[in-house]
Amino acid sequence: GAVVSQHPSRVICKSGTSVKIECRSLDFQATTMFWYRQFPKKSLMLMATSNEGSKATYEQGVEKDKFLINHASLTLSTLTVTSAHPEDSSFYICSARGPGTEAFFGQGTRLTVV
Amino acid sequence: GNSVTQMEGPVTLSEEAFLTINCTYTATGYPSLFWYVQYPGEGLQLLLKATKADDKGSNKGFEATYRKETTSFHLEKGSVQVSDSAVYFCAPSPYNTDKLIFGTGTRLQVFP
């Protein structure tokens, strides 16, 4: 199947700093990318949907100024957690799909804010 | 609203045992239904899907039938293997959207 690469797999940052997570589709053009957040023993919560070249659509309750999403090309989307705080510590997962394809998932990024 | 309920795990089985993981959902309209699997250290992968009532999705010996009357999409396998040990996610996708609504996931552990 198609490959979606997410980087980094783990990151630890200090409170107040910003962290950028990358999601790349390696062998297909991802017209739509999704960002999820997963709390321990909880389901994946969809944060936002982004289409290449346009602004992301955020789910209700997700702060767009805190979680900046950029989908500037058909193979790359980034999620930047700005001014991170300990409550932002979580597992973040991206998925990508091309025209008429299923969604392919990255391996996730474990963010720890200290 | 849209939601999904999965049985809590872990589900622990011996090899060759029969597996059922229950999934029920609420969704507007007629959603497409998916099961994803996450093997240790890997990202989620599509296991099977069904897009309309009474459809049966199947893959790798796993099956699930779209039951509109009970809003369920239970996952079954007749004989599990150790290599099936993973976390399984039920995920409806509301009609006419690209979104997936995930359950909490059910961890399956299969012992020899």
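Keeping their order, the protein sequence lines are chains A and B. My numbering puts the first sequence at residues 1 to 114. My numbering puts the second sequence at residues 115 to 226. Think of the CB as a built atom: it goes at the ideal place given N, C-alpha and C, for glycine as much as any other residue.
Contact under 7 angstroms by Cβ, residue i with residue j
i, j, result
"T134 (chain B)", "E190 (chain B)", "yes"
"A200 (chain B)", "Q152 (chain B)", "yes"
"M33 (chain A)", "S5 (chain A)", "no"
"V113 (chain A)", "S89 (chain A)", "yes"
"E52 (chain A)", "T75 (chain A)", "no"
"P154 (chain B)", "Q223 (chain B)", "no"
Any C-beta of chain D under 7 angstroms from that of residue i
i, result
"F67 (chain A)", "Although the question refers to chain D, the structure presented lacks it and instead comprises the protein chains A and B."
is_contact[residue i, chain A] using C-beta, thresh 7 angstroms
i, result
"T218 (chain B)", "yes"
"K191 (chain B)", "no"
"K213 (chain B)", "yes"
"L160 (chain B)", "yes"
Closer than 7 angstroms to chain B by CB, residue i
i, result
"F91 (chain A)", "no"
"G106 (chain A)", "yes"
Residue i: CB within 6 angstroms of a non-hydrogen atom of the ligand GTP
i, result
"T165 (chain B)", "This structure simply doesn't include the ligand GTP, nor any ligand for that matter."
8 angstroms contact criterion, which residue i and residue j should meet: CB distance rounded
i, j, result
"F216 (chain B)", "V118 (chain B)", "7 angstroms"
"S25 (chain A)", "A2 (chain A)", "7 angstroms"
"S15 (chain A)", "T82 (chain A)", "Contact flag wrong, Cβ pair sits at about 12 angstroms."
"T220 (chain B)", "Q159 (chain B)", "About 15 angstroms separates the two Cβ atoms, so there is no contact after all."
"Q107 (chain A)", "S43 (chain A)", "Contact flag wrong, Cβ pair sits at about 18 angstroms."
"L162 (chain B)", "G175 (chain B)", "Wrong, their Cβ atoms sit about 10 angstroms apart, outside the cutoff."
"Y209 (chain B)", "P145 (chain B)", "6 angstroms"
According to DSSP, residues forming a beta bridge with residue i
i, result
"A96 (chain A)", "A:M33 and A:F104"
"K163 (chain B)", "B:F148"
"K96 (chain B)", "Outside the shown range of chain B (115 to 226) lies residue 96 (chain B), about which nothing can therefore be said."
"A131 (chain B)", "A131 (chain B) is not bridged to any residue."
"Y58 (chain A)", "A:A48"
Quick one: which residues of the segment 24-51 of chain A get their C-beta closer than 7 angstroms to a C-beta of chain B? List them in chain order.
T32, K41, K42, S43, L44, L46 and T49
Could you run through the segment 140-161 of chain B and flag, in chain order, every residue whose CB is less than 9 angstroms away from some CB of chain A?
F148, Y150, Q152, G155, E156, G157, L158, Q159 and L160
Closer than 8 angstroms, Cβ to any Cβ of chain B: which residues of the segment 72-101 of chain A, in chain order?
I93, S95 and R97
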